[in-house]
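Going by my numbering, the sequence shown opens with residue 88, and the numbers climb by one from there.
What follows is one structure encoded as structure tokens, with my remarks underneath.
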Amino acid sequence: KIMIKPQVEDCSYKNKTADPMIYDSLRVYADANRKNPTLAEDMLWQVLRRKGLGVKFRRQHPIDEFIADFVCLDEQLVIEVDGGYHELPEQREDDERRTAILNQMSYRVLRFTNDEVLYHIDDVKQTIKEHIVFSNIPD
Numbered sequence: 088k089i090m091i092k093p094q095v096e097d098c099s100y101k102n103k104t105a106d107p108m109i110y111d112s113l114r115v116y117a118d119a120n121r122k123n124p125t126l127a128e129d130m131l132w133q134v135l136r137r138k139g140l141g142v143k144f145r146r147q148h149p150i151d152e153f154i155a156d157f158v159c160l161d162e163q164l165v166i167e168v169d170g171g172y173h174e175l176p177e178q179r180e181d182d183e184r185r186t187a188i189l190n191q192m193s194y195r196v197l198r199f200t201n202d203e204v205l206y207h208i209d210d211v212k213q214t215i216k217e218h219i220v221f222s223n224i225p226d
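Below is the structure:
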């Protein structure tokens, strides 16, 4: 299967991925999340940071009206780490809506549970590597 990398419009950093009307409030919330990560988010960040998988990831990054746990803009790959409340029916619906919107924006979304990250980090890393398609990364 051949994937064509979508072209991202060259515009200001702020407006590249977030709704400019709500960027400032999203940024405040994202900053707070970044300062207080869950154990699973922190564990995954230690893997992703400093191009740990060969590409640059950002954490708690505003996209449209959302804040992605992690995103690689070059790959248009969003990674979400979901806690137990994501199993609730209403949260599942919200997550599905969010994923659909991000997909419409050409982002691919990977979701992992806290337990997957905490107890199967090697499997999580391998899954992420398999979804990095636009950059050449070592095995």
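Note that beta-carbon positions come from the ideal geometry of N, C-alpha and C, so glycine has one too.
Only a predicted model underlies this, so the values are computations on that prediction, with no experimental measurement involved.
Check                                                                                               : Outcome
8 Å Cβ cutoff met for LEU131 and VAL168                                                             : yes
Rounded C-alpha distance that separates THR200 from GLN147                                          : 17 Å
According to DSSP, residues forming a beta bridge with ALA155                                       : HIS148
Of the residues ILE154, VAL165, ASN120, the one placed nearest VAL142, counting alpha carbons only  : VAL165
ASP210 versus GLU217 - alpha carbon distance                                                        : 11 Å
Residues near VAL204 by beta carbon distance below 6 Å, same chain, minus five either side          : ALA127, MET130, LEU131, VAL168, VAL211
Close Cβ partners of THR125 (< 8 Å) along its chain, the five nearest in sequence each way excluded : VAL168, GLY170, ASN201
As assigned by DSSP and simplified to three states, the class of THR104                             : helix
Proximity winner among ASP151, ARG145, ALA117, relative to ASP106 (alpha-carbon distances)          : ASP151
THR200 in three-state terms, based on DSSP                                                          : strand
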